[in-house]
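**Student:** This is the structure I want to talk about, given as structure tokens.
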Amino acid sequence: YTLWSYPDLLPAFTTWPPVLEKLVGGADLMLPGLVVPPAGLPQVQKGDLCAIALLGNRAPVAVGVAAMSTAEMLTSGLKGRGFSVLHTYQDHLCPEGRQLDIKKSSYKKLSKFLQHMQQEQIIQVKELSKGVESIVAVDWKHPRITSFVIAEPSPTSQTIQEGSREQPYHPPDIKSLYCVPASMTLLFQESGHKKGSILEGGEVRMIIINYVKRNDLVDADNKNLVKLDPILCDCILEKNEQHTVMKLPWDSLLTRCLEKLQPVYQVTFPGQEPIVKKGRICPIDITLAQRASNKKVTVVRNLEAYGLDPCSVAAILQQRCQASATVTPAPGAKDSLQVQIQGNQVHHLSRLLLEEYQLPRKHIQGLEKAPKPGKKK
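Counting in the UniProt record's numbering, the final residue of the sequence shown is number 377, and the numbers go up one at a time with none missing.
Dropping the structure here:
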């Protein structure tokens, strides 16, 4: 409640609305559940007290302790536990190590406090059952209540927030990279790399080319072939090929090397540090579904991976399509939301994502589901 009056008292991090239920249930806030704003994450150190708010509402709903610094959060690729939650909205607040004790107040007893509030005509108290006093009415127009004012945010915070709202969306720079697994370490250690090293495709090709030339593995009779030494055999050949494949063409060698490396990707939002994540980034997924009365709806998922707020996208689409749009938890996806719009609205989505947000087409799947233009008579 204190943070509702003074929301700038602690650095605030934002999460998705569906996460609140998990926090109230006793879960800590995991980093994949964070919403990264355009201005970037607040700067904190490990152990700092932090406020946690929901997207679209700056009133905090939880208080926690940072499990790592902001720099460590970004370095981790926003993976792992981010905050140990101490207190959440509606959790019967119990400060660490102490309980709120009315005996230590000037009233000493709850009955005296209620009696005083009734004398002030702020509340009405009745004994509805024997020995149990209940508040049956509150005078919300009482001067003691109406004079209560929520503190205005500090000028600095207001400037940052207003700037964030007005800042236009810029798509992130997404780069496919490769991670060296344990099985490929011997091949890359000569070039100074180890298990877990992150490399671009061009770097991988150059390392392989240098390795082949340094170990004199280019076939003397055919420069397009590479002789496989024991390290190359162990790293890129299947078990059933170990004693049958002695040479490979350059393109096959390079392709096999890339396939044996672990795929990772790097996402860089404007003005923020790059975030590296395992696997391949999921594209924005557009599908059509049938609902009650055989009505079609358009469903959009994975907007968050590209820094897009599903609630904002839903509001824009609702206005442009003149159709109902809702935001719900995405089935089977942890801490992810989906946007659902009535009708086939793929044309509107295409214009929004490709033309206005300037997202590359390769990161969007389902655009072909747009309604076909009617035949001219």
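C-beta atoms are modelled at their ideal positions from N, C-alpha and C, and glycine is treated no differently. Computed from a predicted model, the values in this text were never measured in an experiment.
Look at the Cβ atom of P171, then the Cβ atom of Y6, and state whether they are nearer than 8 Å.
**Tutor:** Counting from one through the sequence shown, the residue named residue 171 turns up at place 171. Counting from one through the sequence shown, the residue named residue 6 turns up at place 6. The answer is no: Cβ separation not under 8 Å.
**Student:** With DSSP collapsed to three states, give me the class of A335.
**Tutor:** Position 335 of the sequence shown, counted from the start, is the residue given in the question as residue 335. According to the sequence provided, residue 335 is Asp. The question's Ala does not apply to it. The answer is coil: DSSP assigns D335 none of H, G, I, E or B.
**Student:** Inspect the CB distances between the region 22-30 and the region 247-264 and report whether three or more fall short of 8 Å.
**Tutor:** No contact exists between the region 22-30 and the region 247-264.
**Student:** Kindly indicate which three-state DSSP category F113 falls into: helix, strand or coil?
**Tutor:** The residue labelled residue 113 in the question sits at position 113 within the sequence shown. Helix, per DSSP.
**Student:** Since P329 sits in a beta bridge, which residues does DSSP pair it with?
**Tutor:** Locating residue 329 in the sequence shown gives position 329, counting from the first residue. DSSP output for P329 lists L337 as bridge partner(s).
**Student:** Alpha carbons only, please: which of K130, T146, G131, Q118 is nearest the one belonging to A137?
**Tutor:** Walking along the sequence shown from the start, residue 137 turns up at place 137. Of the listed residues, the one whose Cα sits closest to A137 is Q118.
**Student:** If you measure between the beta carbons of D139 and Q115, is that distance less than 8 Å?
**Tutor:** To locate residue 139, count along the sequence shown from 1; it is residue 139. To locate residue 115, count along the sequence shown from 1; it is residue 115. Their beta carbons are not under 8 Å apart, which means D139 does not touch Q115 by this criterion.
**Student:** Buried or exposed: which applies to Y1, given that a residue is buried once 16 or more other Cβ atoms fall within 10 Å of its Cβ?
**Tutor:** Along the sequence shown, one-based indexing puts residue 1 at 1. It is exposed - the Cβ of Y1 has fewer than 16 other Cβ atoms within 10 Å.
**Student:** To the nearest angstrom, how far is the alpha carbon of D219 from that of I281?
**Tutor:** Numbered from 1 along the sequence shown, position 219 holds the residue referred to as residue 219. Numbered from 1 along the sequence shown, position 281 holds the residue referred to as residue 281. Cα-Cα distance, rounded: 39 Å.
**Student:** Reducing DSSP to helix, strand and coil, say where Q90 ends up.
**Tutor:** As a working note, residue 90 is residue 90 in the sequence shown. Note: Q90 maps to coil in three-state DSSP.
**Student:** Measure how close the beta-carbons of H363 and I284 come, nearest whole angstrom, since I'm counting them as under 8 Å.
**Tutor:** Counting from 1 along the sequence shown, the entry for residue 363 is found at position 363. Counting from 1 along the sequence shown, the entry for residue 284 is found at position 284. H363 to I284, Cβ: 6 Å. Contact.
**Student:** For my contact list, Q90 and S69 are in at a C-beta cut-off of 8 Å; report their separation, rounded to the angstrom.
**Tutor:** Stepping through the sequence shown from its first residue, residue 90 is reached at position 90. Stepping through the sequence shown from its first residue, residue 69 is reached at position 69. The Cβ separation is near 30 Å, so there is no contact.
**Student:** With 16 other CB atoms within 10 Å as the buried threshold, where does W16 fall?
**Tutor:** Here residue 16 corresponds to residue number 16 of the sequence shown, with the count starting at 1. It counts as buried.
**Student:** In terms of alpha-carbon separation, which member of K194, G307, N302, K141 lies closest to A330?
**Tutor:** On the sequence shown, residue 330 is found 330 positions in, with the first residue counted as 1. Out of K194, G307, N302, K141, N302 has the C-alpha closest to the C-alpha of A330.
**Student:** Between L199 and chain D, is there a C-beta pair that is closer than 8 Å?
**Tutor:** This model lacks chain D altogether; it includes just one protein chain.
**Student:** Secondary structure at I123, three-state DSSP: helix, strand or coil?
**Tutor:** The residue labelled residue 123 in the question sits at position 123 within the sequence shown. I123 falls in the strand class under three-state DSSP.
**Student:** Let me make sure I understand the geometry here. Which of L54, D251, L20 has the alpha-carbon closest to that of V36?
**Tutor:** Here residue 36 refers to the residue found at position 36 when the sequence shown is read from its first residue. Closest option to V36, Cα to Cα, is L54.
**Student:** Does the structure place the region 311-330 close enough to the region 342-355 that three or more beta carbon pairs sit under 8 Å?
**Tutor:** They touch, by the three-pair rule.
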